[in-house]
Amino acid sequence: MFKVRNGFLFLVLAIGVMGRNTSSDLDEDCELNAVDTMHDFCCDLHEEGPQFTECQREWHDKIQYSTDEEEQSYMFCTAECTFNSTEILGKNRQSLRLRQVKNHLESYLVNDADVDLLYATYVKCDKHAISLMPHTGVKKLAKRLSSYGCHPYPGLVFECVANEMILNCPAKKFQQTAACKETRNYLKQCMQYLKYKA
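What follows is the structure, encoded as structure tokens:
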């Protein structure tokens, strides 16, 4: 099976939270030290499109993960593949073609408010991903991803968008599963830590 189920995500998230000893574990940023949320589509706005599914299949054949690091590589390469297939990734692999992002969102979302929310999220996450590039953890990740020909920027954007949609999804579109609620609670704690630290 190439897709991580919500129940498994919830279990790993619970283990990850229990395993933290100090707040310094979150020094670099939540998405580098927390469980990947990009495969957990808790908000009906941020859906699993056919490009993502196809890229999951492609990268599952290339990275049959058995460790957390391998799974992270798999998800980051899947994110880059997805962005490439929707033509929203810039040629330097460290920027988004924002006009193309808007066009893509308008092609599958019917509500203008939903388009605006997700577009603003992509703009925010583009800047956020760029700000993370100099971090030590991202440099280590980049080295690991380079062996697969992948770059960390698309995965950082994708993870950020997933996190933002878990945190800011309109109430009627948020999936009220135990895993999604637990993930949202963890991300809220993580964001509070980062605000306090700043």
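In the UniProt record's numbering, the protein residues as written are 1 to 198. Quick reminder that beta carbons are idealized off the backbone N, C-alpha and C, glycines included. Only a predicted model underlies this, so the values are computations on that prediction, with no experimental measurement involved.
- Distances from the CA of A120 to each of L145, K172, L96, Y186 were compared; the closest alpha carbon is that of L96.
- The shortest CA-to-CA distance from G49 to any of D61, T86, Q94, C190 is the one to T86.
- With at least 16 other beta carbons inside 10 angstroms of its own, D126 counts as buried.
- If you draw a straight line from the Cα of E164 to the Cα of L156, it comes to about 12 angstroms.
- Around the beta carbon of M191, fewer than 16 other beta carbons lie within 10 angstroms, which makes this residue exposed.
- Spanning the alpha carbons of V110 and I130 requires a straight line of approximately 30 angstroms.
- Partner residues in the beta bridge of F174, as assigned by DSSP, are C43.
- For Y108, the uninterrupted alpha helix (DSSP H) run begins and ends at 98–108, by DSSP.
- In this structure, R144 lies near E69, with their beta-carbon atoms less than 8 angstroms apart.
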